[in-house]
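In the working numbering, the protein residues as written are 2 to 76.
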């Protein structure tokens with residue numbers, strides 16, 4: 002799942018070398034923290050949060066297939 006978020010984020014931003022994804026294993030869920038360059042934040046979030054919500058939806062589908070829960074935090 003970490004690789005999926007990293008791939009999507011690098012495809013969206015102008016500075017793909019500054020994309021960083023940290024995975025934190027919790028008791029009930031996996032938390033993914035996404036960091037991008039400040040000037041690329043708007044590209045990752047999108048108008049009204051549409052891009053961020055689309056990424057979260059894709060993650061939920063992948064996580065459900067694996068029987069896990071996932072949460073994406075954009076820092």
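In this text, a Cβ means the ideal position worked out from N, Cα and C, and glycines have one as well. Remember, predicted model here, so these are calculated numbers, not experimental data.
- Of 66, 67, 46, the smallest CA-CA separation from residue 73 is found for 46.
- For residue 29, same chain residues with a beta-carbon under 8 angstroms away, outside a window of 5 residues either side, are 70 in chain order.
- DSSP places residue 23 inside the beta strand (DSSP E), whose first and last residues are 21-26.
- By the CB criterion at 8 angstroms, residue 22 and residue 34 fall inside the cutoff.
- Distance check between residue 42 and each of 3, 13, 65, 31 places 13 closest, using alpha-carbon atoms only.
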